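*Asks:* Residue numbers (the numbering used here): -19 to 385. Here a beta-carbon is modelled for each residue, glycine too, at the ideal position from N, C-alpha and C. Every value quoted in this text rests on a predicted model; they were computed, and no experiment measured them.
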Ligand code: NIG
Ligand code: FE
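1. Within 10 angstroms of the Cβ of residue 359, are there 16 or more other Cβ atoms? Answer buried if so, exposed if not.
2. Do you know how far the Cα of residue 73 is from the Cα of residue 166?
3. How is the alpha helix (DSSP H) around residue 304 delimited, first residue to last?
4. In terms of DSSP beta bridges, what is residue 377 paired with?
5. Please go through the segment 251 to 285 and give each complete alpha helix (DSSP H) segment of 4 or more residues, from N-terminal end onward.
6. Under the rule that 16 or more other beta-carbon atoms within 10 Å means buried, what is residue 202, buried or exposed?
7. Quick one: what's got a C-beta closer than 6 Å to residue 124's C-beta in the same chain, skipping five residues either side?
8. For residue 130, name the three-state secondary structure that DSSP assigns.
9. Can you round the beta-carbon distance between residue 218 and residue 190 to whole angstroms, since I take them to be within the 8 Å contact cut?
10. Our contact map puts residue 147 next to residue 136 with C-beta atoms below 8 Å; I'd like the distance itself, whole angstroms only.
11. If you scan the segment 23 to 90 from start to end, which runs of the alpha helix (DSSP H) of 4 or more residues do you find wholly inside it?
12. With 16 as the cutoff for other CB atoms within 10 Å, does residue 32 come out buried or exposed?
13. Evaluate residue 174 with the Cβ neighbour count: other Cβ atoms within 10 Å of its Cβ, from every protein chain shown; 16 or more gives buried, anything less gives exposed.
14. Please list the terminal residues of the continuous beta strand (DSSP E) segment that includes residue 18.
15. Buried or exposed for residue 142, going by 16 or more other Cβ atoms inside 10 Å?
16. How many angstroms separate the CA atom of residue 240 from the CA atom of residue 225?
17. So, with DSSP's three-state summary, where would you put residue 95?
18. Thinking residue 309 and residue 292 are a contact (beta carbons under 8 Å), I'd like their distance in whole angstroms, please.
19. How would you call residue 273, buried or exposed, if buried means at least 16 neighbouring beta carbons within 10 angstroms?
20. Measuring CA to CA, which of 183, 177, 197, 152 is closest to residue 162?
21. With a threshold of 7 Å, establish whether the CB of residue 50 neighbours any heavy atom of the ligand FE.
22. For residue 146, does the three-state DSSP call read helix, strand or coil?
23. Suppose you measure from the CA of residue 321 to the CA of residue 214; what does that come to, to the nearest Å?
24. Alpha carbon to alpha carbon, how far is residue 82 from residue 277?
25. Taking the DSSP output, what are the residues bridged to residue 242?
26. Would you please state the rounded distance, in angstroms, between the beta carbons of residue 394 and residue 187? I believe it to be under 8 Å.
27. Could you tell me how far apart the beta carbons of residue 294 and residue 306 are, in whole angstroms, since I believe they sit closer than 8 Å?
Encoded structure:
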């Protein structure tokens, strides 16, 4: 925790991307008590005004700490075999319908202890941190029973205690139908609404709920029941929607005031309008698009026209996006979805934070929590342009330098 006794820290001559745009001039940035306390154009800055500050860095590009607002970081096993099957022409849906896909990760995750899951997930979390993440959302969804979903959420919470990172947890009980409920999807939804959500809330284990609204997962009517329960229990709402087809899941989620609708490749104009009206963020997941070799692009131009904020996240998971490198996602968002580098970086900072209901994060602004990255590059756009590990010079979490190279 930041304390008043921590020395004030000063970064000099940094090029700042503030979460929405690049500032024109080199800046001086002051951090005190875990927050950004001052931000001045370097040429106007008088360091005798803060005689008690220590210099913490000079030069480079400063961005907000990255916000990875959509991950499935906690799971056991891997699905490299399915990757090979898909390369031979079997589709993601066909693998799922044959009992593989998400359900194969469920089998491995159910069999794993909490310590096994911590051991499996920590290297993935460490990879995110080494690439600048200071806030990460982690979903359950590979347990699909009350006990196993709570186990995953406890592991996610523990990860946030083991590393200097802010972890938000999301209950994704409605990720797939577990085999023991075959032919009884509505009963499984009842389990989620009547037992899983109340238990997660009682244990303070979930910040939000999520659903997979899709032909191979749950119908809009079933998702609506989950949203009703989430509302009753005061949990925020998110949705995997319009990933493989257009079922109207994003518009439905928006009507429930969802923080975000995620994937959205098949989103239509009515869905975009509903999201704009509700202030729902579109979370773009170019890693899943890339790995599944999708061809249907999300409606980027419509999202721009309607002013729907676009976040970008890793979707780190064993099936569709086994990738723990958020800056690669910025690159893919540009090359595959034609976002500008500025949009991609805003998607991984200010808009990512908004997709988690934490709008004060993801900004370099006076008063904001001091979650920041200092990169050894000349211009912010380089983060999206080049795919290269090792450019992070410092990662600052809550005002403390936690990674320094
Ligand atoms: O975001 N679409 C559903 N869920 C994940 C994939 C999960 C998996 O295949 O294990 C996603 O793509
Ligand atoms: Fe996902």
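*Replies:* Working from what's here:
1. For residue 359, the number of other beta carbons within 10 angstroms of its own is below 16, and it is reported as exposed.
2. So the alpha carbons of these two residues sit roughly 21 Å apart.
3. For residue 304, no alpha helix (DSSP H) run applies, since DSSP gives it neither H nor E.
4. DSSP links residue 377 through a beta bridge to 380.
5. List check, alpha helix (DSSP H) in window: 266 to 271, 280 to 285.
6. The residue is buried, with at least 16 neighbouring Cβ atoms inside 10 Å.
7. Within the same chain, residue 124 has close Cβ partners 86, 158.
8. Residue 130: helix per DSSP, three-state reduction.
9. Contact flag correct, Cβ pair sits at about 4 Å.
10. Taking the Cβ atoms as the reference, residue 147 lies roughly 6 Å from residue 136, within the contact range of under 8 Å.
11. Considered as a whole, the segment 23 to 90 harbours 60 to 67, 72 to 77 as its complete alpha helix (DSSP H) runs of no fewer than 4 residues, in chain order.
12. Residue 32 counts as exposed, since fewer than 16 other C-beta atoms from the protein chains shown sit within 10 angstroms of its C-beta.
13. It is exposed - the Cβ of residue 174 has fewer than 16 other Cβ atoms within 10 Å.
14. Per DSSP, residue 18 belongs to the beta strand (DSSP E) from 15 to 21.
15. Under this definition residue 142 is an exposed residue.
16. Their Cα atoms are separated by approximately 18 Å.
17. Look at residue 95 here: in three-state DSSP terms it is helix.
18. Correct: roughly 5 Å between the Cβ atoms.
19. Taking every protein chain shown into account, the CB of residue 273 has fewer than 16 other CB atoms within 10 angstroms, so this residue is exposed.
20. The residue with the shortest Cα to Cα distance from residue 162 is 197.
21. Residue 50 Cβ: within cutoff of the ligand FE.
22. DSSP places residue 146 in strand when its eight states are reduced to three.
23. A straight line joining the alpha-carbon of residue 321 with that of residue 214 spans about 36 Å.
24. Cα-Cα distance, rounded: 23 Å.
25. Under DSSP, residue 242 takes part in a beta bridge, and its partners are 220, 263.
26. Outside the displayed range of the chain (-19 to 385) lies residue 394, so it cannot be described from this structure.
27. Confirmed, Cβ separation roughly 5 Å.
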